[in-house]
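The sequence shown finishes on residue 566 if you use the numbering used here, and the numbering steps up by one all the way, no holes. Structure first, then comments.
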Amino acid sequence: MLAKFKQRLRSRRSAAQEPPVLDGIYLLPSEILGGEIFPLVVRAEIHDKIHNDFWHRKLLALAGVCTQWRNIVHSTPFLWNQHIPINTRQFSGVGRFRRNRLTKKYFEALRMCLARSAPLPLSISIDDWLVFPGDRKDFARAVDLISNAAVRMEVLRINIRCRDDAEMCILRALERIPTGAFQALTEIDFVFPSDVELVPFSVMSAPHLRRVKLNAGPDPLKFMSIPWPQLTHLTLTAPPLACLAVLARCNNLVSAVLHHMYTSLPDDTAPTTATLVHLTSLRLTVSSTLIQAVGNLVLPALTTLELIYDDEDMIWPQLEVFRQLPLHNIQCLTFEFNDEDMPESATLCALLRCTPSVTELKLKECDCIDNALLNALRGDGPRSKLLLPQLELFSIDWGSSMFSDNFDSENWKVMLASRVGVGLRRIVYRGNYYGQVSALAVYHVDGLQVDVSGVKSIIII
Numbered sequence: 106m107l108a109k110f111k112q113r114l115r116s117r118r119s120a121a122q123e124p125p126v127l128d129g130i131y132l133l134p135s136e137i138l139g140g141e142i143f144p145l146v147v148r149a150e151i152h153d154k155i156h157n158d159f160w161h162r163k164l165l166a167l168a169g170v171c172t173q174w175r176n177i178v179h180s181t182p183f184l185w186n187q188h189i190p191i192n193t194r195q196f197s198g199v200g201r202f203r204r205n206r207l208t209k210k211y212f213e214a215l216r217m218c219l220a221r222s223a224p225l226p227l228s229i230s231i232d233d234w235l236v237f238p239g240d241r242k243d244f245a246r247a248v249d250l251i252s253n254a255a256v257r258m259e260v261l262r263i264n265i266r267c268r269d270d271a272e273m274c275i276l277r278a279l280e281r282i283p284t285g286a287f288q289a290l291t292e293i294d295f296v297f298p299s300d301v302e303l304v305p306f307s308v309m310s311a312p313h314l315r316r317v318k319l320n321a322g323p324d325p326l327k328f329m330s331i332p333w334p335q336l337t338h339l340t341l342t343a344p345p346l347a348c349l350a351v352l353a354r355c356n357n358l359v360s361a362v363l364h365h366m367y368t369s370l371p372d373d374t375a376p377t378t379a380t381l382v383h384l385t386s387l388r389l390t391v392s393s394t395l396i397q398a399v400g401n402l403v404l405p406a407l408t409t410l411e412l413i414y415d416d417e418d419m420i421w422p423q424l425e426v427f428r429q430l431p432l433h434n435i436q437c438l439t440f441e442f443n444d445e446d447m448p449e450s451a452t453l454c455a456l457l458r459c460t461p462s463v464t465e466l467k468l469k470e471c472d473c474i475d476n477a478l479l480n481a482l483r484g485d486g487p488r489s490k491l492l493l494p495q496l497e498l499f500s501i502d503w504g505s506s507m508f509s510d511n512f513d514s515e516n517w518k519v520m521l522a523s524r525v526g527v528g529l530r531r532i533v534y535r536g537n538y539y540g541q542v543s544a545l546a547v548y549h550v551d552g553l554q555v556d557v558s559g560v561k562s563i564i565i566i
C-alpha cells in the first residue's frame, strides 16, 4: 500500500514539472481567432438575440477565457457591430429592484456595443413590440444613445404595427435625430399603420441610401421625404397608382417588389408614365389594377418577373392584362401561389406561350401541375411549337402543396426526358412533399442535373 502511494506521489510530481500542453485553439494567431472563429460564435445567436436580455453575453464569455482572448474581443469592432435591437420590453413584469438592475445592465451593454464597434457602420432595429408599454423614459434613453451614433447607421428598421403609446414614443424619438446625420445610411425598412399619413422624419440627406422597404400610408410620396432617384432597390406596399407614381421617380431602380395595398380610400393619384432603363427584376402581386398601372412604364431591361398570387379574393387577370408587361424579354419567370384557388393549367400555359425567351421557370406552392401542363411542356414536337423553347432550368418548390389529381408520374418522366434533348439542363426540387414515393422519381437521363432539397420522396438517378 505504501509503495503504491509513493508511486502515485512521484507521478504527480513528474506531471507537475512537465510544461503544460495547450489546446490547438489557444495556439491560433489573433487574426484567425478574431477574423474567423469568434464571428462564428456570435453569428450562431443572430436569429434569437433580439429576444434575449443581453445578447452580447457570448462576447463577454469569450473575453473571460484568457488575457489574449479578452484583448482580441475588445479590440475587434467587427464583433460588436452586429444588428442592435432597442429592447425595453424585457423590463416589464419584474419587481422594481430587478428592473433597475436589468435597466442598468442593458444600457451598459448598449454603450459598450456602440463604443467598441466604432468606427464600423451599425444596423439598428426599432420595433414597437420591444417597447415597454406605459413607460417612455427608458426607450427615449435608448434612442438618444442610438441617435448620437446616427452618423454610423447603415441599416435602420422601424416596425410599428398599431397606433398606441409605443408609436408616439417612437415618432417623438425620431424627431430628435438630426436631419443631416445619416451620412452612412444605405437601407431603410419602415412598417407603419396605414392611417399614419405623415412622419416627422426625413432621409433626404442620406447620400448613400440605395434600398428602401416601405409599408405605410396610401400615399408614399407624402408619407416621408425620400431621395427616390438614387434608389436601386425598392419594396413598396401601396395602392396601384401610388406605386406607379413612386416608380416614375425612381429612374435608377434595378429591382422592385410591389404589393397591392387595399384601402377604402379612393386612389386619386394621376396615372403617369416613365422609362426605367435599369430595372431588370420585378416582383409584384397578381392584381389587374396593379399590373395595368405598371403597364404604363417602359421597361426595356426587364428580364426577371415574379408573380405572387396569394389572395383568395383576387381574380386571376385576363391574358390581355399580362400582355401590358414586356413578356417577350423575360428570361426568368416565377409563379408563387399561396392559396388553394389557383389558375388552371390551361390558363398558365396561355401565359407561358407569351414568354418565348424564358430560360428559367420556377413554380412555388403550385399544385396545378397536371398532365395537360406536362404534355404542353414536352419537347418531342416541332421546335417552332414548343412551349418555352429556351428552357434550361425547371425549379419546383412544393412547400405544403399536393399534386393535382390529374397527374401521372410517367408523363412527368417522359416530359423531362424529351426536354433534355432541346436544352433542359437542370431541375430543382424543394419543399416537403409527403405523397407517393414514385411520383417525383426520374430515371437517369444524360445531361440532366437534379438538385434535391427537403423533398421526402426518392429521386432515382
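We put the CB at the ideal spot given by N, CA and C, even for glycine. All of these numbers come straight from a predicted model, not from anything done at the bench.
Quick check on residue i: buried or exposed, where buried means 16 or more other Cβ atoms within 10 Å of its Cβ?
i      : result
Ser392 : buried
Lys469 : buried
Pro182 : exposed
Thr408 : buried
Pro487 : exposed
His365 : buried
Ile229 : buried
Phe352 : The sequence shown places Leu at residue 352, not Phe. Classification for Leu352: buried.
Ala300 : Before going on, a small fix: residue 300 reads as Asp here, not Ala. It is exposed - the Cβ of Asp300 has fewer than 16 other Cβ atoms within 10 Å.
Lys285 : Sequence inspection shows Gly at residue 285; the Lys mentioned does not correspond to that position. Counting Cβ neighbours within 10 Å, Gly285 comes out exposed, since fewer than 16 surround it.
Val463 : buried
Ala223 : exposed
Leu441 : Here residue 441 is Glu; the residue named in the question, Leu, does not match the sequence. By the neighbour-count rule (16 or more Cβ atoms within 10 Å), Glu441 is buried.
Arg206 : exposed
Leu410 : buried
Between which two residues does the beta strand (DSSP E) containing residue i stretch?
i      : result
Leu438 : Cys437 to Phe442
Phe295 : Glu292 to Val296
Ile501 : Leu498 to Asp502
Thr340 : His338 to Ala343
Ser230 : Leu227 to Asp232
Lys318 : Arg316 to Asn320
Val533 : Arg531 to Arg535
Ile413 : Thr409 to Tyr414
Leu493 : From DSSP, Leu493 is part of no beta strand (DSSP E); its letter is neither H nor E.
Does the distance from the C-beta atom of residue i to that of residue j stay below 9 Å?
i      : j      : result
Leu290 : Val260 : yes
Val382 : Pro345 : no
Leu387 : Val362 : yes
Pro226 : Ala255 : no
Asn356 : Thr380 : yes
Arg216 : Leu250 : yes
Phe328 : Val308 : no
Leu493 : Thr460 : yes
Ala321 : Thr342 : yes
Ser135 : Asn186 : no
Leu323 : Ile331 : Position check: residue 323 holds Pro in this sequence, whereas Leu was assumed. No; because the gap between Cβ atoms is not below 9 Å, this pair is not in contact.
Glu465 : Leu432 : no
Phe212 : Arg246 : yes
Ala278 : Ser252 : yes
Cys454 : Leu491 : no
Since residue i contacts residue j with CB under 8 Å, what's their CB separation in whole angstroms?
i      : j      : result
Ile413 : Thr390 : 5 Å
Phe512 : Asn480 : No, Phe512 and Asn480 are not in contact; Cβ-Cβ is about 12 Å, not under 8 Å.
Gln495 : Gly528 : 7 Å
Arg535 : Asp502 : 4 Å
Thr377 : Ala350 : 6 Å
Arg483 : Met520 : 5 Å
Pro298 : Ile265 : 6 Å
Gly400 : Leu430 : 6 Å
Suppose the cutoff is 7 Å on Cβ atoms and the five residues either side in sequence are ignored; what does the same chain contact list for residue i look like?
i      : result
Ser180 : none
Glu449 : Cys473
Arg162 : none
Pro221 : This sequence places Arg at residue 221; Pro is not what is there. Taken in chain order, the residues that qualify are His179, Pro182 and Trp185.
Cys348 : Leu341, Leu363, Leu395 and Ala398
Take residue i and list the residues in its own chain whose beta-carbon comes closer than 8 Å to its own, dropping the five residues that flank it on each side.
i      : result
Val126 : Bear in mind that a pLDDT of 47 at Val126, under 50, signals an unreliable position, so the number given afterwards is only what the model happens to contain. Cβ neighbours of Val126 beyond the five flanking positions: none.
Arg315 : Thr291, Glu292, Gln335, Leu336, Thr337 and His338
Leu133 : Ile142
Phe427 : Ile396, Leu456 and Cys459
Ile532 : Leu498, Phe499, Ser500, Ile501, Leu521, Val547, Leu553, Gln554, Val555 and Asp556
Starting from residue i and walking both ways along the alpha helix (DSSP H), at which residues does that stretch end?
i      : result
Arg524 : Ser514 to Val525
His364 : Taken as a continuous stretch (DSSP letters only), His364 belongs to no alpha helix (DSSP H), being part of the beta strand (DSSP E) at Ser360 to His365.
Glu213 : Arg201 to Arg221
Asn480 : Asn476 to Leu482
Leu424 : Leu424 to Phe427
For residue i, which residues of its own chain have a beta-carbon under 6 Å away from its beta-carbon, when the five flanking residues on both sides are left out?
i      : result
Arg257 : Pro226, Leu227 and Ala289
Gln112 : none
Asn443 : Asp415 and Glu470
Leu219 : Ala254
Asp567 : The question about residue 567 has no answer, for the chain in this structure spans 106 to 566.
Asp485 : Ser523
What do you reckon, is the C-beta of residue i under 8 Å from a heavy atom of the ligand FAD?
i      : result
Leu424 : Among the ligands in the structure shown, none appear at all, so the ligand FAD cannot be discussed.
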